[in-house]
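Residue numbers (the numbering used here): 7 to 349. Notes follow once the structure below has been shown.
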């Protein structure tokens with residue numbers, strides 16, 4: 007089991023965002039950029055923390071980037087990194103699910119369904135292509151990447167419905183599968199399993215295990231992660247969490263387990279794998295989820311990374327911590343599927 011997250015005093019103090027056309031943010035941005043060059047002894051990871059603050063200033067106060075603009079930028083950037091040579095990425099449009107299937111050199115020893123994150127507002131199979139190719143190579147399994155309708159164009163329960171249909175489709179294919187979800191995708195994956203448990207009872211049919219990576223599992227305004235607001239390892243903060251939750255949920259009750267799975271019950275669930283970074287924004291909520299799973303006697307594997315940026319798992323071509331995460335997830339998935347370890 008990983009240790010408890012270190013809860014630091016990284017509380018952001020920020021005034022109201024400047025209105026479009028106001029030149030005030032530019033001096034603020036200059037201060038943030040210049041602060042990167044302060045002595046490293048002032049904070050443990052000053053360059054990264056200041057970089058994230060500058061990113062938030064650029065995105066919100068200067069560019070006034072909308073979810074659609076962020077979505078487009080992420081999509082374009084992802085096309086520069088298709089993943090290792092040898093991976094196959096096939097788009098799928100079927101009646102019950104849409105997305106992509108990723109394989110590694112036609113090897114297919116099992117099925118991993120990975121629900122992408124992105125605050126319910128962005129992300130896609132294309133964005134997850136490189137990471138999925140790495141996971142397919144490490145696991146020798148096909149990786150299924152469902153797509154789902156995004157906010158703010160589509161509000162709750164659109165994404166939950168799309169993911170549930172996709173997971174139900176793949177669970178009916180006659181073989182065991184692993185369900186994976188990260189960030190908001192972790193929320194959707196947990197919601198899909200809860201629905202399957204309600205429909206099918208303990209064991210949820212074909213699910214051999216559920217892996218959630220830094221799941222956004224508590225959307226309430228008083229969530230522990232919102233209160234702590236640890237932003238040194240995240241380009242997003244409590245203001246973003248509130249904004250994106252509101253875009254997807256509107257004025258719906260956030261204390262429902264359907265949208266805040268931290269509040270649900272997990273008795274009788276399949277084996278689970280939980281990974282998070284000890285200093286990331288969502289860590290306090292994930293620690294609570296770990297405690298809840300243990301309390302409900304779920305067979306649980308917990309893996310932590312120190313000082314990793316939220317979403318680090320998506321960059322195995324660049325980050326050693328991402329390579330470690332992909333390897334660990336692949337090994338756990340193979341074991342859950344009853345497949346022998348790879349040498």
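Just so it is clear, CB atoms sit at the ideal spot from N, CA and C, and this is done for glycine as well.
Using a Cβ-Cβ cut-off of 6 Å (strictly less than) and excluding sequence neighbours within five positions of residue i, which residues of its own chain qualify?
i	result
residue 290	230, 231 and 234
residue 123	129, 188, 189, 190 and 191
residue 94	109
Just to confirm before moving on: does the CB-CB distance between residue i and residue j stay below 8 Å?
i	j	result
residue 195	residue 185	yes
residue 118	residue 145	yes
residue 284	residue 307	no
residue 266	residue 226	yes
residue 165	residue 126	yes
residue 137	residue 253	no
residue 240	residue 315	yes
residue 121	residue 152	yes
residue 180	residue 277	no
State the start and end residues of the unbroken beta strand (DSSP E) segment that holds residue i.
i	result
residue 309	306 to 311
residue 98	93 to 99
residue 279	278 to 283
residue 214	213 to 219
Leaving out five residues on either side along the sequence, give the residues of the same chain with a beta carbon under 8 Å from the beta carbon of residue i.
i	result
residue 256	161 and 162
residue 177	183, 202, 210, 211, 212 and 213
residue 158	73, 127, 253 and 254
residue 206	none
Say yes only if the C-beta of residue i is nearer than 7 Å to one or more non-hydrogen atoms of the ligand ZN, and no if none qualify.
i	result
residue 314	In terms of ligand content, the structure shown is empty, and the ligand ZN therefore cannot be addressed.
If contacts are defined as beta-carbon pairs under 8 Å, then residue i and residue j qualify, I think. What distance do you get, rounded to the angstrom?
i	j	result
residue 3	residue 139	A question about residue 3 goes unanswered here, because the residues of the chain that appear run from 7 up to 349.
residue 220	residue 282	5 Å
residue 105	residue 131	5 Å
residue 222	residue 288	6 Å
Got a sec? Which residues, its chain only, sit under 7 Å from residue i by beta carbon, not counting five neighbours each side?
i	result
residue 294	230 and 268
residue 259	none
residue 248	227
residue 336	141, 144 and 145
residue 272	298, 299, 302 and 304
residue 91	none
residue 345	115 and 116
residue 244	232 and 235
residue 111	92
residue 349	none
Per DSSP, which residues does residue i bridge with? Please list them.
i	result
residue 148	117
In the DSSP assignment, find the alpha helix (DSSP H) that holds residue i and state where it starts and stops.
i	result
residue 176	164 to 177
residue 192	190 to 206
residue 232	230 to 234
residue 108	Where residue 108 is concerned, there is no enclosing alpha helix (DSSP H), although the beta strand (DSSP E) it sits in stretches over 104 to 110.
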